[in-house]
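Colleague: Chain order of the listed sequences is U and P.
Take 1 as the starting number for the first sequence in our numbering and just add one per residue.
Take 1001 as the starting number for the second sequence in our numbering and just add one per residue.
All C-beta atoms in this analysis are idealised placements derived from N, C-alpha and C, irrespective of residue type, glycine included.
Number of protein chains: 2
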Amino acid sequence: MTRERWREIRALIERDIMDGVLEPGARLPTEPELATQYEAGRHTIRRAIAELAKEGHLSVEQGRGTFVQPRPMIDYPIGRRTRLRRNLGAQGIDVTSEPFGADRIPAEGRVARMLNLSEGSPVIASRRLSHADGVPVSFGTLYHDAERFPDIAERRIGLGSVSAVYRSYGIEDYLRGQTQIHARPARSEEARRLRQHPDMPVLVVRALDRELDGTPLAYGQVIWSAARVRFSINIDDEDAG
Amino acid sequence: MTRERWREIRALIERDIMDGVLEPGARLPTEPELATQYEAGRHTIRRAIAELAKEGHLSVEQGRGTFVQPRPMIDYPIGRRTRLRRNLGAQGIDVTSEPFGADRIPAEGRVARMLNLSEGSPVIASRRLSHADGVPVSFGTLYHDAERFPDIAERRIGLGSVSAVYRSYGIEDYLRGQTQIHARPARSEEARRLRQHPDMPVLVVRALDRELDGTPLAYGQVIWSAARVRFSINIDDEDAG
DNA sequence: ATCGATTTGTTCGTATGTATA
DNA sequence: GTATACATACGAACAAATCGA
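#1: Taking only beta-carbon atoms, is Ile45(U) less than 8 angstroms away from chain P?
#2: Return yes when the Cβ of Ile93(U) is within less than 8 angstroms of the Cβ of Ala132(U), no when it is not.
#3: State yes or no: is the beta carbon of Asn1234(P) nearer than 8 angstroms to at least one beta carbon in chain U?
#4: Using CA atoms only, rank isn't needed, just tell me which of Ala1048(P), Ile1074(P), Ile1157(P) is closest to Ser1097(P).
#5: Taking just the CA atoms, how far does Arg1083(P) sit from Ala1207(P)?
#6: Apart from the five residues just before and just after Asp1016(P), which ones in its own chain have a Cβ nearer than 6 angstroms to its Cβ?
#7: For Leu1203(P), return the contacting residues in chain U, with the cut-off set at a CB-CB distance below 7 angstroms.
#8: Check whether the Cβ of Phe231(U) lies closer than 8 angstroms to any Cβ atom in chain P.
#9: Compare the C-beta of Thr215(U) with all C-beta atoms of chain P and state if any pair is closer than 8 angstroms.
#10: Taking C-beta pairs closer than 7 angstroms, name the residues in chain P that Glu211(U) reaches, listed in chain order.
#11: What in chain U is Cβ-close to Ile1078(P), meaning under 7 angstroms?
#12: Just to make sure I have the definition right: I need the residues of chain U whose C-beta is within less than 8 angstroms of the C-beta of Ala1226(P). Which are they?
#13: Between the C-alpha atoms of Glu238(U) and Gly177(U), what's the straight-line distance to the nearest angstrom?
#14: Grouping DSSP H, G and I as helix and E and B as strand, with all else coil, what is Arg228(U)?
#15: From the DSSP output, in three-state form, read off Glu4(U) for me.
#16: Checking contacts by CB at 8 angstroms: is Thr179(U) closer than that to chain P?
#17: Taking the alpha-carbon of Pro1024(P) as reference, which of Glu1008(P), Gly1041(P), Thr1066(P) has the nearest alpha-carbon?
#18: Kindly list, in the order they appear in chain P, the residues whose Cβ is closer than 8 angstroms to that of Glu55(U).
#19: Let me make sure I understand the geometry here. Which of Arg1005(P), Met1018(P), Ser1168(P) has the alpha-carbon closest to that of Arg1148(P)?
#20: Could I get the ranges of all uninterrupted beta strand (DSSP E) runs contained in the stretch 15-91 of chain U, with 3 residues as the minimum, in chain order?
#21: Unbroken alpha helix (DSSP H) runs of length 4 or more, entirely within the stretch 165-225 of chain U: which are they?
#22: Just mark Ala40(U) as buried or exposed, buried being the case when its beta carbon has 16 or more other beta carbons within 10 Å.
#23: Taking 8 angstroms as the threshold (C-beta atoms), are Val1222(P) and Gly1140(P) in contact?
#24: Which residue's Cα is closest to the Cα of Glu172(U): Val60(U), Val204(U), Pro136(U), Leu217(U)?
#25: Along the chain, where does the beta strand (DSSP E) containing Ile105(U) start, and where does it finish?
#26: Verify whether the separation of the beta carbon atoms of Ile9(U) and Ala48(U) is less than 8 angstroms.
#27: Would Gly1241(P) pass as an interface residue toward chain U - the criterion being a Cβ-Cβ separation below 8 angstroms?
#28: Consider the C-beta atom of Leu58(U) and the heavy atoms of the ligand ADP; say whether any pair is separated by less than 7 angstroms.
#29: Could you tell me which residues DSSP pairs with Asp145(U) in its beta bridges?
#30: Grab me the residues of Tyr1143(P)'s own chain with a C-beta within less than 6 angstroms of its C-beta, minus the 5 sequence neighbours each way, in chain order.
#31: Cutting at 6 angstroms between CB atoms, please list the residues of its own chain near Trp1224(P), excluding the five before and the five after it.
#32: Tell me whether Leu1115(P) sits in a helix, a strand or coil according to DSSP, three-state version.
#33: Quick check: is the beta carbon of Glu1238(P) nearer than 8 angstroms to any beta carbon in chain U?
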């Protein structure tokens, strides 16, 4: 029995992807076909494919096949003024987003602390999924004080960007306060939403937006596809671009 | 036969960890034992264990066993003044680091551009592995202009922190310029260095340090364990703490 | 220092369920 | 409905790493 045959196969397939023998979007031969081609068992093939899928090179779809996946990386600047549309638009990326639910819930723990509200005060949690050039890149929840922004969920549906919603409340400018970033494996439901393989990690970004005088505006948690996004922190730049 | 039994088993083990039935550091029963206990095949058990290991709850060691892993999260602030020791020391974390190699190589591509050197100019690449409270948390490479800092590798061995090395060159202060963050699955060698499971992701941080007048000092790429670190970006704070 | 027992890692074979076209 | 292709599952054997006698 050979030693770590799945690694050899993994490397062979990866080489074919890198060399362009397997073009982005192309379908791999079926697992039994690969098994005979590489003179290995189907388990071994699956292990190699799983590894490549985890790294974002392949996307495995039950009942359809296994496909070579292109991996565009977008660069998302984080700074004093962090604006999704303006920042990505400058890179020639078309950003769209769709709401998928909003709730009026009592603020608890971190949300209450960050928004400077007492535990249990009502907040509006509005959820959105964002696409860049048609591919899902992130989804997340934004929490607002329900007393100050009672109808924010409705306004977010009508108006495109967060900035536009704030302008409708008379807030012309706001700044990004604290931002926290960490990474972890994706839950299966998150992977499904982002249309990425379950083994690909996600980046979790928690952030607080403030008015110019320091008043907390919104606290949010956004899950980003680690395969599709990279963050840039430009501390000096006024516009974070 | 096929009702995703491995997910059930995964959930059962995870519950035992969360409830404290399995304490941090405890060894799980062997795979064959778990197989009989849960009335499943060994493959199914392994699938459940692999998932939990990927999420950082378990650490699997060939020839020894499978252990419940505690997951301390350290908070690493990124700001104008980003200093490993001072920032983590303030959290009561003991930071140590050891060099593991240095080379004099020609600058290429990104390194040359960031350091404002012409392609092929000699740079010193010095590599270090850092521990927080004895656990490896990151390793990476720092690139310096070889003309300006010819013996930086030697000085980094003698002196503890990066700041101390710069002071020995007469540089009293420096600022963090651009920082880029992204996440990806760990290569097996990286996982070994960080003593984390191969399926746990890593965070990749690329950063440029500048002198107060803007002159590039060093460009670095550091791989952080996603299981053990979280980044905080405090844009307003002068000391990023 | 060596051997053997223990435990996880890899591989094969085979069968059956589930999703897609 | 049928065929195709991936997902899950069981069993068995051997390899590799670890540890203690």
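Modeller: Per the coordinate set shown:
#1: no
#2: yes
#3: Yes - at least one Cβ of chain U is within 8 angstroms of the one on Asn1234(P).
#4: Measuring from the Cα of Ser1097(P), the nearest candidate turns out to be Ile1157(P).
#5: 12 angstroms
#6: Leu1022
#7: Ala183
#8: yes
#9: Not an interface residue.
#10: Ordered by position in chain P, no residue passes the 7 angstroms Cβ test against Glu211(U), which lies about 13 angstroms from the chain.
#11: Ile233
#12: His182, Ala183, Arg184, Pro201
#13: A caution first: Glu238(U) carries a pLDDT of 44, below 50, which makes its placement in the model too unreliable to give a value.
#14: coil
#15: Glu4(U): coil per DSSP, three-state reduction.
#16: yes
#17: Thr1066(P)
#18: Arg1184, Pro1185, listed in chain order.
#19: Ser1168(P)
#20: 58-61, 65-68, 74-78, all fully within the stretch 15-91 of chain U.
#21: 188-193
#22: buried
#23: yes
#24: Leu217(U)
#25: Ile105(U): member of the beta strand (DSSP E) spanning 95-106, first to last residue.
#26: yes
#27: Confidence at Gly1241(P) is low in this model, with a pLDDT of 35, below 50, so its placement is unreliable and no value can be given for it.
#28: As for the ligand ADP, it is missing from this structure, which has no ligand bound.
#29: Val123(U)
#30: If we look at Tyr1143(P) and ignore the five residues flanking it on each side, its Cβ neighbours are Val1111, Val1123, Ala1125, Tyr1219.
#31: Ser1138, Leu1203
#32: DSSP places Leu1115(P) in helix when its eight states are reduced to three.
#33: Because the pLDDT of Glu1238(P) is 44, which lies under 50, any placement of that residue in the model is unreliable, and the number read from its coordinates should be weighed accordingly. Taking 8 angstroms as the threshold, the shortest C-beta distance from Glu1238(P) to chain U does not fall below it.
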